[in-house]
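Heads up, the thing below is written out as structure tokens.
In the UniProt record's numbering, the protein residues as written are 1 to 142.
Take a look at the structure:
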């Protein structure tokens with residue numbers, strides 16, 4: 001399994017292949033189509049990410065000491081954004097997620113090309129992923 005840093009570096013390199021943001025948006029939409037989809041039973045208010053303009057649901061399970069994330073969104077760009085985050089963090093141990101830095105988002109220029117409400121949603125998605133890691137890390141230590 002690749003480290004979070006390795007995966008994030010791959011994502012940076014993939015985004016660097018594109019000349020303009022229209023191509024990057026199209027790529028994000030494609031990434032959204034490959035998102036590990038959340039089970040319908042988790043598409044409830046309990047799993048919705050607060051602070052997102054669109055509806056975004058994220059669920060996490062701990063398997064073999066690694067967190068597996070699934071998600072969905074009702075908006076195609078948002079689905080692409082959460083797909084990038086899940087690709088970075090899914091299949092990683094809770095502590096690695098907590099220690100991970102998210103500067104790769106700035107390196108691909110994502111934040112500056114999002115509307116303020118989508119940028120807030122991005123921050124909320126990262127926060128939720130880290131909260132799952134906190135919960136599973138605490139459970140592991142108890």
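The C-beta atom is built at its ideal place from N, Cα and C for all residues, glycine as well.
Paired residues, beta bridge with residue i - DSSP
i, result
"residue 37", "71"
"residue 66", "63"
"residue 48", "57"
"residue 92", "67"
Proximity below 8 Å, CB of residue i to CB of residue j
i, j, result
"residue 56", "residue 82", "yes"
"residue 68", "residue 75", "no"
"residue 53", "residue 121", "yes"
"residue 94", "residue 137", "yes"
"residue 31", "residue 84", "yes"
"residue 70", "residue 20", "no"
Alpha-carbon spacing of residue i relative to residue j, whole angstroms
i, j, result
"residue 1", "residue 88", "11 Å"
"residue 133", "residue 64", "14 Å"
"residue 37", "residue 123", "21 Å"
"residue 58", "residue 91", "14 Å"
"residue 35", "residue 135", "23 Å"
"residue 45", "residue 125", "15 Å"
"residue 113", "residue 8", "18 Å"
"residue 141", "residue 116", "37 Å"
"residue 33", "residue 22", "17 Å"
"residue 4", "residue 86", "10 Å"
Rounded Cβ spacing between residue i and residue j (contact assumed at less than 8 Å)
i, j, result
"residue 79", "residue 72", "7 Å"
"residue 130", "residue 119", "Not quite, the Cβ-Cβ distance comes to about 17 Å (not below 8 Å), so this is no contact."
query: Can you find at least 3 beta carbon pairs, one from the stretch 16 to 28 and one from the stretch 95 to 102, that sit closer than 8 Å?
result: no
query: Is the stretch 6 to 16 touching the stretch 42 to 55 in the sense that three or more CB pairs, one from each, lie closer than 8 Å?
result: no
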